[in-house]
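Residues in the sequence shown are numbered from 1 upward in steps of one, following the working numbering.
Where a beta carbon is used, it is the ideal one built from N, C-alpha and C, also for glycine.
First up is the structure itself, then whatever we jot down about it.
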Amino acid sequence: MKIFVLNAGSSSHKSCLFDLDQDNSEVPNPLWRAALDWTHQQGQGELSASSAGESMQQVLPIADKAEGIKAMVKTLVEGPTQVLDSLSEIDAVGHRVVHGGREYIDSVRIDERVKAAIQRLMPLAPAHNPANLQGIEAMEHILGNIPQVAVFDTAFHARMPEAAATYPGPYDWVEQGIRRYGFHGISHQYVAQRAADMMGRDLADLKLLTCHLGNGCSLAAVKGGISVDTTMGFTPLEGLMMGSRSGSVDPGILMYLMRQEGYSADQLDTLLNKESGLKGLSGISNDLRSVVEAMEQGNEQARLAVDTFIHRLRREMGGMIASLGGLDGVVFTAGIGENSPLVWQRACEGFEFLGLRLKNSLDRSKDDQEITAADSRVRALVIHTQEEWAIAQACLALL
Ligand code: AMP
1 MKIFVLNAGS SSHKSCLFDL DQDNSEVPNP LWRAALDWTH QQGQGELSAS SAGESMQQVL
61 PIADKAEGIK AMVKTLVEGP TQVLDSLSEI DAVGHRVVHG GREYIDSVRI DERVKAAIQR
121 LMPLAPAHNP ANLQGIEAME HILGNIPQVA VFDTAFHARM PEAAATYPGP YDWVEQGIRR
181 YGFHGISHQY VAQRAADMMG RDLADLKLLT CHLGNGCSLA AVKGGISVDT TMGFTPLEGL
241 MMGSRSGSVD PGILMYLMRQ EGYSADQLDT LLNKESGLKG LSGISNDLRS VVEAMEQGNE
301 QARLAVDTFI HRLRREMGGM IASLGGLDGV VFTAGIGENS PLVWQRACEG FEFLGLRLKN
361 SLDRSKDDQE ITAADSRVRA LVIHTQEEWA IAQACLALL
C-alpha cells in the first residue's frame, strides 16, 4: 500500500511516499521525500526532492501554495526522482493537521464535515490550520477521490485530566473551549512508544517525560501511554522558551505593553512568536547552534539566552515529573533534542537526585541511542522523531 504523507506548514511543506507492503517492523526509508520552502523570496519556492540516491533542487516561481504542491507531487512521476509510473498508484494520503479541537481525539478519514471542522478551528491555529486545509484540497484536486486521513497534533493530549487541561480563568472559558490542547502530539506519541520498545518494557507500565526540542519546543508527561500533561496550551506559544517564541511569560507584561506603548494584538503576536526566545534574547539567531557558538566566543547575551533556555527547560521538566508522580525515562527528540549533548547534559544535571546519571562521554548519532550510565536509575534516550512515518502508520491503521 502506497501512502503519501503531507506535512503542510506555514512556511514550508514536507512530504514522503511510503510503501507499506514492505516489512514494517523497523521504520523504513520512504521511497521518495520532498520539501517545499518559500521563506527566501516572495513569489518563489525552493523545491527539493530525493529518492534512492537521486535528488533534485529547483527554485520555482510559485503564485500560490497549491501550485507548489502540484510541482512537488510531479517529481514522483517525472525527472530524476521518479518512483511511480502514475499517480494512480497512490492508495491514500495522510495529513498532519495541527488543531483538532475537542472534537477530534483520534485520526479520522477526511470528508466535508472534517474539512468544515478544520476551517472552524482556524482561529485557534491561524498559522497552521489554513495551510493544512489548503494541502487537503490541493491533494483532492490532484489525486481525485482517494482516501485522505487527518492525523491531529492535538489528539494525543486529548485525554489529559481536566485539571491539567483547564485554565484558571472564569468558568466561561471552559464552556468556550479556551483550554489547554497541547501540540507536537504525533511526535510525543511516536517517541514514547519507541522508548518503551528500546527499554524492552510495556508502554502501559511506564512513566515517561518526552522532550520535543526543535524550533518549537514542548514537553509531555506520558503515563501508561497517555499524555497526562504537556507544556503547550491553547496555542503553541505556552510553556518552554523556543527558537523565536517566548513560551510562557507573565500576561501582565502584555497589558503593560498595550497600555504604556500602544501595542496592538498583531504586534504582540509578532513580538512573542517571531522576535522572542533564543532569537530575541541572544539578538543572534533562533538556531541554538549559532547561539552556542557565540556564547563560546564570550558573547554574554548569547550566554544569557542559553542559560534561560536551560533554566526554563529544567523547571518545566520538574513540573512534568510531578504530574507523572515518578519517572522511568526521559526522551529527547527533534532538532535540538536529537543533536545537542550540551542540552542533554545541562537539562539532566538538575535531576541527579532522582538517580538520573548520564554517560561520561556523549555524542550525537544518526541512530536512536541511550545516553544514561549503566547504574542510572532513570533512563535517558535520544530518539529521532518520525512524524511522517507515524502519520503513515495512523493512516494504515484507520484504512
Ligand atoms: P526542528 O524544528 O526539529 O527542525 O529543529 C530545528 C532546530 O534544531 C534548529 O533551529 C536548531 O536550533 C536545532 N539544531 C539542529 N541541529 C542542531 C545541533 N547539531 N546542535 C544544536 N541544535 C541543533
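Where do the ends of the alpha helix (DSSP H) carrying residue i lie?
i, result
"L268", "265 to 274"
"W173", "171 to 176"
"I105", "First-last for I105: undefined, no H or E at that position."
"F309", "300 to 324"
"V83", "Here V83 belongs to no alpha helix (DSSP H), and DSSP marks it neither H nor E."
"G252", "251 to 261"
"E352", "Unbroken run through E352: none, as it is neither H nor E."
"L203", "Careful: L203 lies outside any alpha helix (DSSP H) and carries neither H nor E."
Can you name the start and end residues of the beta strand (DSSP E) that residue i belongs to?
i, result
"L208", "207 to 213"
"Q58", "54 to 61"
"K223", "217 to 223"
"S244", "Careful: S244 lies outside any beta strand (DSSP E) and carries neither H nor E."
"S282", "It is not in any beta strand (DSSP E) - S282 instead sits in the alpha helix (DSSP H) that spans 277 to 282."
"H13", "12 to 19"
"G329", "329 to 333"
"L226", "For clarity, residue 226 is Ile in the given sequence; the question names Leu instead. Residues 226 to 230."
Would you identify the three-state DSSP class for residue i, choosing helix, strand or coil?
i, result
"I3", "strand"
"Q369", "strand"
"H184", "coil"
"H157", "helix"
"F152", "strand"
"S48", "strand"
"W32", "strand"
"S290", "helix"
"H384", "coil"
"V98", "coil"
"D197", "helix"
"V73", "helix"
"L342", "helix"
"L358", "strand"
"R379", "strand"
"V27", "coil"
"A374", "coil"
"A8", "strand"
"A92", "strand"
Using a Cβ-Cβ cutoff of less than 6 Å, which residues in the same chain neighbour residue i once the five nearest sequence positions on both sides are dropped?
i, result
"I105", "A155, A158"
"S107", "V149, V151, A394, L398"
"V27", "Q386, W389"
"S282", "V291, Q301, A302, A305"
"P402", "Residue 402 is absent from the structure shown; the chain starts at 1 and stops at 399."
"G100", "F152, T154, A155"
"A294", "I284, A302"
"M139", "V93"
"N360", "none"
When you compare the CB positions of residue i and residue j, do they come within less than 8 Å of one another, or not?
i, j, result
"L213", "F351", "no"
"L36", "S12", "yes"
"L124", "V93", "no"
"R102", "G185", "no"
"E338", "V382", "yes"
"N132", "A34", "no"
"L203", "M320", "no"
"S340", "L268", "no"
"I62", "W38", "yes"
"I146", "I90", "yes"
"L240", "R312", "yes"
"T230", "L219", "yes"
"F183", "M232", "yes"
"V59", "L17", "no"
"S323", "A192", "no"
"V228", "M160", "yes"
"L6", "G135", "yes"
"Y167", "W173", "yes"
"S15", "L31", "no"
"D368", "R194", "yes"
Leaving out the 5 sequence neighbours to the left and right, which residues in its chain are closer than 7 Å to residue i when beta-carbon positions are compared?
i, result
"N215", "M242, G243, N286, G335"
"Q345", "L358, L362"
"L272", "L237, R245, S246"
"S248", "E238, G239"
Excluding five sequence neighbours on each side, which residues of the same chain lie with their C-beta closer than 8 Å to the C-beta of residue i?
i, result
"C86", "One point to set straight first is that residue 86 is Ser, not Cys, in the sequence displayed. The answer, listed in chain order, is V77."
"A380", "G329, V330, V331, F332, W344, C348, L356, L358, E370, I371, T372"
"R201", "D328"
"S10", "A127, H128, A131"
"L20", "M1, K2, I3, A392, L396"
"I310", "V343, R346, A347"
"M326", "For the sequence presented, residue 326 should be read as Gly rather than Met. For G326, where only same-chain residues beyond five positions count, the Cβ hits under 8 Å are K207."
"A117", "G100, G101, E103, Y104"
If you measure from each residue's Cβ to the nearest non-hydrogen atom of the ligand AMP, which ones come out under 6 Å, in chain order? G214, N215, G243, N286, D287, L288, R289, A334, G335, I336, N339, S340
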